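Chains as they are written, first to last, in our numbering: chain W, 1 to 327; chain D, 1 to 327; chain S, 1 to 335; chain U, 1 to 335.
In this text, a Cβ means the ideal position worked out from N, Cα and C, and glycines have one as well.
All values reported here derive from a predicted model rather than from experimental measurement.
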Amino acid sequence: MSDNPFPLSRDDLLTAYRTMRTIREFEERLHTDFARGDIPGFVHLYAGEEASAVGIMAHLNDNDRIASTHRGHGHCIAKGVDVKAMMGEIYGKSTGSCRGKGGSMHIADIDKGMMGANGILGAGAPLACGAGLAAKYRGDGGVGISFVGDGASNQGMFLESLNLAAVWNLPVIFVVENNGYAESTSVDWAVACDSYVDRAAGFGLPGVTVDGTDFFAVYEAAGEIISRAREGGGPSMLECKMHRLFGHFEGDAQTYRAEGEVENLRANRDCLTQFADRVTEAGVITRAELNAIDGEVAKLIEQAVTEAIAAPLPTQTDLTTDVYVSY
Amino acid sequence: MSDNPFPLSRDDLLTAYRTMRTIREFEERLHTDFARGDIPGFVHLYAGEEASAVGIMAHLNDNDRIASTHRGHGHCIAKGVDVKAMMGEIYGKSTGSCRGKGGSMHIADIDKGMMGANGILGAGAPLACGAGLAAKYRGDGGVGISFVGDGASNQGMFLESLNLAAVWNLPVIFVVENNGYAESTSVDWAVACDSYVDRAAGFGLPGVTVDGTDFFAVYEAAGEIISRAREGGGPSMLECKMHRLFGHFEGDAQTYRAEGEVENLRANRDCLTQFADRVTEAGVITRAELNAIDGEVAKLIEQAVTEAIAAPLPTQTDLTTDVYVSY
Amino acid sequence: MARTLSMKDAINEALDQEMTRDPNVIVMGEDIVGGTGSPGEADAWGGVLGVTKGLYAKHGDRLMDTPLSESAYIGAAIGAAACGMRPVAELMFIDFMGVCLDEIFNQAAKFKYMFGGKAETPVVIRAMVGAGFRAAAQHSQMLTPVFTHIPGLKVVCPSNAYDAKGLLIQSIRDNDPVIFCEHKNLYASETDVPDESYTIPFGEANVVREGGHCTIVTYGAMVHKSMEAAKELAKDGVECEIIDLRTLSPIDMDTVLESVENTGRLVCVDEANPRCSIAADVSASVSQEAFDALKAPIQMVTAPHTPVPFSPALEDLYIPSAERIASAVRKTVSH
Amino acid sequence: MARTLSMKDAINEALDQEMTRDPNVIVMGEDIVGGTGSPGEADAWGGVLGVTKGLYAKHGDRLMDTPLSESAYIGAAIGAAACGMRPVAELMFIDFMGVCLDEIFNQAAKFKYMFGGKAETPVVIRAMVGAGFRAAAQHSQMLTPVFTHIPGLKVVCPSNAYDAKGLLIQSIRDNDPVIFCEHKNLYASETDVPDESYTIPFGEANVVREGGHCTIVTYGAMVHKSMEAAKELAKDGVECEIIDLRTLSPIDMDTVLESVENTGRLVCVDEANPRCSIAADVSASVSQEAFDALKAPIQMVTAPHTPVPFSPALEDLYIPSAERIASAVRKTVSH
Ligand SMILES: Cc1ncc(C[n+]2csc(CCOP(=O)(O)OP(=O)(O)O)c2C)c(N)n1
Ligand SMILES: Cc1ncc(C[n+]2csc(CCOP(=O)(O)OP(=O)(O)O)c2C)c(N)n1
Ligand SMILES: [Mg+2]
Ligand SMILES: [Mg+2]
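Written out as C-alpha cells, the structure reads:
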C-alpha cells in the first residue's frame with residue numbers, strides 16, 4: 001500500500017465509504033420496494049447526495065446535533081441512527097425508530113444527536129440554533145447543524161435563523177444541499193442570488209461553496225467551519241452543490257429534467273464512484289476491500305428489510321401513547 | 001428669488017414642506033394629547049422621519065400602493081389620507097378613517113393606495129409584492145412600496161418577500177426605515193450585516209443607503225429606483241438612515257438612549273430644519289412662506305383635534321358590521 | 001351536460017372556467033405549473049398531485065410557480081386581492097399554515113373590519129386537508145377548526161366532485177377571503193358534474209340522506225364514512241339523516257336544527273382533533289338552540305387528541321370509522 | 001409568607017425563583033432585557049410591559065434579547081428544550097403566533113409523538129392575551145382555542161397573581177410544551193402570594209365561588225366578570241358556582257361535571273371568538289356527559305364573531321360583560 005495522501009486514516013476512509021454505500025443501498029432498496037407498493041406515504045430519496053451527509057458527519061459526535069429535512073435518510077444513517085430501526089419505521093412497524101408513528105419524514109434519535117427529519121421546509125434551522133444555543137450555554141463544545149435544500153433556503157424560518165445565529169454568535173452551521181431542484185422547480189430561477197456566499201454575507205455569515213459530490217471537498221470545508229464554530233468563531237454557511245439520482249419523491253416522473261440528465265449524472269457525477277476512484281487510484285484502498293464492504297452492506301439492508309417485513313404492526317394502545325410526558 | 005437648484009419646482013417644494021410639517025404637527029399634538037390621557041391604545045410617532053415618507057411619496061400617485069408599519073401616520077399623511085379622518089380614528093370616533101375600528105396601527109385608505117398601517121412586523125412586505133404583482137399584471141405602471149423598520153427587517157415575511165420580488169421581477173421597492181432602534185434594541189446588534197446593501201445583494205436586489213433626514217437625498221434615490229421599477233427593471237431596496245424624536249411608543253422612558261441623544265438630534269438632525277435651511281439658504285423659498293405654512297398646518301391640526309373630540313363614538317350596531325362583504 | 005368527473009378534475013375545471021371568465025383570476029403556488037427554470041418539460045407537474053395540470057397550456061403566465069416562501073406568496077395573493085385581483089393561491093398542505101398564518105388571519109381576515117369596511121380581499125386559499133394518505137403528522141391534519149374560529153375567513157370543505165366545482169367557483173367569485181379545503185383522499189372520488197359553470201352558495205348544507213331516527217352532521221371525507229355507517233344501521237331499521245355542512249364558516253345551523261327538531265338525536269362527526277372542533281361547535285349550538293328537542297346526549301365522533309400517526313395500522317385507527325359512527329348512533333338511539 | 005403582589009410581579013417572581021433553582025432555565029424574547037447594543041441603560045425595558053424587569057440584574061446573560069424573528073428564536077427555544085434546556089420564550093402578544101406557529105404546532109407539539117416517545121420538549125411560551133387595552137385587532141386576541149385544539153400542547157391561562165405564580169412554576173418544571181397565556185388586563189390585579197416557591201398542578205380547576213343554582217365555567221379575565229355577575233345575581237337570590245379552569249389543556253372536566261350534576265345549569269363564558277371556542281368545547285362535553293342532569297340549555301357568552309375593534313366604545317361592547325353573563329344565567333335559570 002502506498003502513502004495515504006488523504007486527511008483521513010485508512011480506517012476512517014473505509015468507514016466513510018461504508019456509510020455512503022449504506023445510504024445508497026438503503027435508498028436503492030426503498031426505490032424498488034416503493035415501486036412494488038410495499039411502502040406507504042411520501043418517500044424522498046437521498047441517493048447521489050451521500051458525500052454531503054458523510055463528509056460533514058465525519059466531524060461530529062453524539063453531542064453534536066443535526067436538524068434534517070424531508071430528505072433525511074442519509075443524514076440519519078451518517079449520524080449513526082440504527083439502519084434496521086429506520087427500515088422498520090419506513091415500513092410502519094412497531095420496531096421502527098419512532099414505533100411506526102413518524103415514518104420516513106420524521107425519523108429522529110435524540111441520543112445520537114439526530115433531532116429529526118422534518119416535513120416542514122426550513123423548520124430545522126431554528127431547532128439547530130437551539131442546539132447551538134444549548135451547547136454554547138453549557139460550554140460543551142457541541143455544534144448544531146441545519147440541513148436545508150436549495151428550495152427551502154427561501155423559507156422565512158431559515159432566513160431568520162441566519163440572522164439569529166449571527167447575532168447570538170452560535171456554533172451553528174447552515175448546510176445548503178443544493179441539488180438544483182425544489183420539486184420540479186430550478187434553483188436558478190427560484191433563488192435570487194448569484195451564490196449562497198452572497199446570501200450568507202447578507203446576514204454577516206462567512207459562506208463557502210463546494211462540490212457536494214466530492215467527499216473530500218465537503219470533508220475539508222466542513223472541518224474548518226465546524227472547528228471554528230466549536231472554538232467560538234460563530235456560524236457559517238456551507239453550500240454543497242450536488243444532484244439527486246431519483247425523483248423529488250417516489251412516483252415523480254421527472255419530466256422537468258433534461259433528456260439523459262440522470263443517466264449522465266450516474267455516469268459522471270456519482271459521489272460514490274468518485275470516492276472509490278480516488279481512494280483506489282491513490283493506492284490506499286483496494287477495489288476488493290470496497291467490494292467486500294458492498295457485499296456486507298447489501299446483506300445488512302436485505303436483513304433490515306426482512307426484519308421490517310416480519311415485524312409487528314403497532315396497535316390500538318399505541319395510538320394514544322406518547323402525546324405528552326404526562327397529561 | 002434666485003434660480004431653483006432643486007429637482008422639484010417651488011410649488012412642489014412648498015407642498016413637500018407642508019406635508020412634512022403636517023406630519024410633525026400631527027405627531028407633536030398626539031404626543032401632548034396622549035400624555036394628557038386623551039388617546040387610547042398604542043401610539044408610535046413618526047416625528048423625525050418625515051423626509052423618508054415625503055421624499056418617497058412625492059414620486060407616487062393614487063395608483064401606486066404602499067404597505068406601511070405600526071409607525072404609519074407619516075406614510076398615511078404623505079400618501080394623501082385625510083388628516084381629520086386620521087385624527088378621528090386615533091380618537092376612536094365613528095368619523096375616523098376606519099370608523100373607529102382600526103386605530104393608530106390600522107389606518108388605511110385603499111383609494112389613496114394606502115394599504116394599511118400594520119401591527120405585525122414585516123407583514124406589509126408580501127402585501128406590497130401583491131400590489132406590485134397586480135400592477136405588473138395589468139401593465140398600469142404602478143409600483144408597490146413596502147416600508148419596514150430596521151428591526152422588522154429580520155422578519156421572515158420580509159426576507160421571503162425580497163426573494164419573491166426578485167424572482168417574479170416585481171415593481172416593488174423595499175424601504176428600510178432605519179432609525180437605529182427596534183423598541184429598545186440597537187440595530188447594530190440586531191441586524192447581522194455590514195449594510196443593507198449587502199442584505200439586498202443576498203437576494204439579488206440592488207440596494208442603496210441614504211441619509212433619511214435629507215429630503216433631497218431620499219427624493220433622488222427613490223426617484224431613480226421607482227422609475228426603474230415602473231419600467232420593468234424590477235425591485236430594489238432603499239435604506240433611509242434616520243432617527244425618531246420620541247420614544248418607541250408613547251409612554252417609553254427611553255432610558256436605553258444615550259444622555260442628550262434626543263436633544264442632539266433635535267438640534268442637529270431634524271429633517272424639517274434641514275429642509276427649511278436648504279430651501280431658504282438657496283433663496284428659493286422664504287422663511288416667511290414657511291412660517292405661513294406652519295401657521296396653516298397648526299390650525300388644521302387644531303381643527304382636526306377639535307372635530308375629533310366633538311365627533312360621535314361608534315355604537316353597538318357598528319360592532320358587528322363589516323366583518324364580511326356578505327355572510 | 002353532466003359527465004362523471006373526479007373531484008380533482010372538477011377542481012381543475014372550476015379553475016379553468018373561472019380563469020376564462022374573469023381576467024382578474026390568477027393562480028399561484030409551489031409547482032402548480034412545475035418545471036419553471038428547469039431544462040425539461042414546462043407544465044411538468046401541475047401541482048404535487050396534478051390538480052392544476054394542463055391549465056398552463058391554456059392560461060399561460062396567469063398560473064405562477066412560486067419560490068418556497070408561503071408567507072411571501074400567500075401574502076402577495078392577499079395584497080393583489082386588496083388591489084382588485086382575484087388570486088387563487090395554493091397552500092399545498094394545510095399543515096403548512098404555520099409558516100404563513102399571519103397573512104391569512106391577521107391580514108386578509110381583518111382588513112375589512114379594521115379598515116372600517118374600506119377593503120375587500122377576494123382571495124381563495126386552496127389547501128389539501130385530511131388523513132389517510134400515510135403522510136404522517138405534518139401532512140395529514142384537518143385544522144378546519146382553526147380557520148373556522150377566525151372571524152373574517154370563510155371556510156369551505158367539499159365532500160364530492162359536484163360540490164367541489166360549484167363551491168370553488170363560488171369561492172372565486174366571493175368577495176371575502178376563503179379557505180378552500182380539499183380532502184386529498186377524495187381527489188379520485190367521482191360524481192356527475194355538469195360541464196357548464198355553476199355555483200353553490202355558502203352557508204347551505206346538503207341533506208345527503210334523509211332519515212327520522214338520528215341526525216348526523218359532518219363534512220368532507222366523513223360524509224362517506226357516515227353514509228357507510230347509515231347503510232349498516234338501516235339494516236337494523238335505524239334511519240339516519242346525514243347533513244353535509246359543505247361550508248363551515250358560514251355554517252348552516254338552520255338545516256341542522258330543523259333536522260334535530262325532527263329526529264331528536266344528533267351525532268357530530270369530525271375528522272379533526274376533538275378539542276374546540278367543528279363537532280364541538282355544532283354540538284354546543286344545537287344543545288343551546290334545540291335543547292328541548294334533544295332526546296339523548298349528542299355524541300361526538302372525532303379523531304383522538306393525538307397527532308396523525310404514520311403507520312397505516314395506526315392511521316386507520318386514528319380516522320373515525322363507519323363502525324365508530326354507527327356505534328355512536330346506536331348509543332344515542334338507545335338512550 | 002404571603003404578601004400582596006400584582007400578577008405581573010408574581011410572574012416575575014416565578015421566573016426569578018425557577019432561574020435560581022435550575023440552571024437549565026433560560027429566558028428569551030424581544031426586549032425582555034432591553035437596551036441590548038444601545039448606548040443607554042442595560043435592562044432598560046424588562047419586556048414591553050415590564051414583566052421581566054430586574055431579572056437581568058440577577059441572572060445576567062441567562063436572559064436574552066432577540067432580534068425580531070419569532071420563528072427563529074421560538075424555534076431555538078424549542079430546539080434547546082429538545083437538548084435538555086428549559087427555555088421560557090416570550091411571544092410578546094399571542095396575536096403574533098401567525099409568524100411562528102409552525103415551530104409551536106408542527107415541531108414542539110408533535111416531537112414526542114412523531115418520534116415514538118423519544119423526545120421531551122420542556123419549553124414554555126409566554127404570551128399576552130386578551131382585549132381591553134385598546135390595542136386593536138392584532139394585539140388583543142385570546143386565541144386560546146387554537147392552541148387548545150392542538151394535541152401535544154398544554155395551555156394555561158391564570159386569572160390571578162397567586163395562580164399565575166404557581167402555574168408558571170409548574171409550566172417551567174413540566175416536561176411538555178406549555179403555552180402560558182397572560183391576560184394583559186390582569187397584570188395589575190393583586191392577590192396574596194406566598195414568597196416561597198409553589199406549584200399548581202395542571203388539569204385542576206378552581207371553584208372560586210360556590211352556589212347551587214347555576215354553574216359558570218370560565219378562565220382568565222372572565223373569572224372576574226363572572227364574579228361581578230354572580231354578585232349581582234346573588235342580590236336576586238341566584239347563587240352561581242364559578243369554576244376557573246386555569247388550564248385549558250388538560251382540562252378538568254370532572255370538576256365541571258360534578259358541579260353541573262349539582263346545579264343542572266351551565267353558562268360557559270369565554271373572551272375568545274365564539275366558533276370552535278373553549279365555551280363551545282366545554283358545552284359540548286357537558287351536554288354529552290351530563291345530559292340527564294341538565295335542566296336548561298347551556299348558554300354561551302363569548303366575544304362576537306368579529307375582530308377586536310379599537311375604539312374603547314366598541315371594545316367595551318366586544319368584551320363579554322357582567323351584564324351579559326348575568327342575563328345568560330337568568331335565561332338558563334328561568335328555563
Ligand atoms: C413549508 C413547506 N412548504 C412546502 C413543502 C412541500 N415540499 C416538500 S419538499 C419540497 C421541495 C424542497 O426542495 P429543496 O429544499 O430544494 O429540497 P430537496 O427536495 O431538493 O432536497 C416542497 C415544496 C413543505 N414540506 N413544507
Ligand atoms: C411580528 C411582530 N413581532 C413583534 C412586534 C412588537 N413590536 C412592535 S414595533 C416593534 C419594534 C419595531 O422596530 P423597527 O422595525 O425598527 O421599527 P421602529 O419601531 O423603529 O419604527 C416590535 C418588536 C410586532 N408588532 N409584530
Ligand atoms: Mg433541492
Ligand atoms: Mg427601528
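CA-to-CA distance, residue j to residue i, given in whole angstroms
i, j, result
"N206(S)", "T199(S)", "14 Å"
"P206(W)", "R199(W)", "10 Å"
"F246(W)", "E27(W)", "9 Å"
"T52(S)", "N12(S)", "6 Å"
"G204(W)", "A166(W)", "7 Å"
"P177(S)", "M97(S)", "15 Å"
"K101(W)", "S327(S)", "27 Å"
"G48(D)", "L127(W)", "39 Å"
"L68(U)", "D65(S)", "29 Å"
"L159(W)", "M1(S)", "51 Å"
"S94(D)", "A313(U)", "10 Å"
"Y402(U)", "H305(S)", "Summary: the structure shown does not reach residue 402(U), with chain U confined to residues 1 through 335, and so no result is reported for it."
"G132(U)", "Y73(S)", "34 Å"
Chain S residues whose Cβ lies nearer than 9 Å to that of residue i
i, result
"G116(D)", "A82, Q107, F111, M114, F115, A119"
"T306(U)", "Y113, P151, G152"
"H106(W)", "A136, A137, Q138, F310"
Proximity test, residue i beta-carbon vs ligand 2 heavy atom, cut-off 6 Å
i, result
"G151(D)", "yes"
"F42(D)", "no"
Contact test: residue i Cβ vs ligand 4 heavy atom, cutoff 6 Å
i, result
"N118(D)", "no"
"N179(D)", "yes"
Interface partners of residue i on chain U, CB under 8 Å
i, result
"G100(D)", "P309, F310, S311, A313, L314"
"N273(S)", "H149, I150, P151"
Residue i: CB within 6 Å of a non-hydrogen atom of ligand 5
i, result
"N4(W)", "Ligand 5 is not part of the structure shown, which contains ligand 1, ligand 2, ligand 3 and ligand 4 as its ligands."
Interface residues of chain U facing residue i [CB-CB closer than 7 Å]
i, result
"L30(D)", "Those within 7 Å of L30(D) in chain U number zero; the least Cβ separation is about 14 Å."
"V146(S)", "V146, H149"
Cβ neighbour criterion (16 or more within 10 Å) applied to residue i
i, result
"N264(W)", "exposed"
"T273(W)", "exposed"
"N350(D)", "Missing from the structure shown is residue 350(D); chain D here goes from 1 to 327 and no further."
"T306(W)", "exposed"
"T317(D)", "exposed"
"D43(U)", "buried"
Closer than 7 Å at the beta carbon, the chain S residues around residue i
i, result
"L60(D)", "Per Cβ cutoff of 7 Å: no residues; L60(D) is ~14 Å from chain S at best."
Heavy atom of ligand 1 within 6 Å of residue i beta-carbon
i, result
"R71(W)", "yes"
**Request:** Note down, in chain order, all residues in the segment 275–295 of chain S with a beta-carbon under 9 Å from any beta-carbon belonging to chain U.
**Result:** R275, C276, S277, I278, A279, A280, D281, V282, S283, A284, S285, V286, S287, Q288, E289, A290, F291, D292, L294
ask   = Using Cβ-Cβ distances below 8 Å, what residues of the segment 27–50 of chain U are close to chain D?
value = E30, D31, G34, G35, T36, G37, S38, P39, G40, E41, A44, W45, V48
Requested in this report: Can you give me, in chain order, the residues of the segment 194–207 of chain W that have a beta carbon less than 8 Å from any beta carbon in chain D?
Outcome: D194, D198, R199, A200, A201, G202, F203, G204, L205
Scan the segment 137–164 of chain D for residues whose Cβ lies nearer than 8 Å to a Cβ of chain S and list them as they occur along the chain.
Against chain S - using a Cβ distance shorter than 8 Å - the residues of the segment 137–164 of chain D are Y137, G144, G156, M157, E160, S161, N163, L164.
Original post:
Using a Cβ cut-off of 7 Å, which residues of the segment 61–82 of chain S contact any Cβ in chain W, in chain order?
Top reply: D65, P67, L68, S69, S71
In the segment 122–135 of chain W, which residues sit with their C-beta less than 9 Å from some C-beta in chain U, listed in chain order? G122, A123, G124, A125, P126, L127, A128, C129, G130, A131, G132, L133, A134, A135
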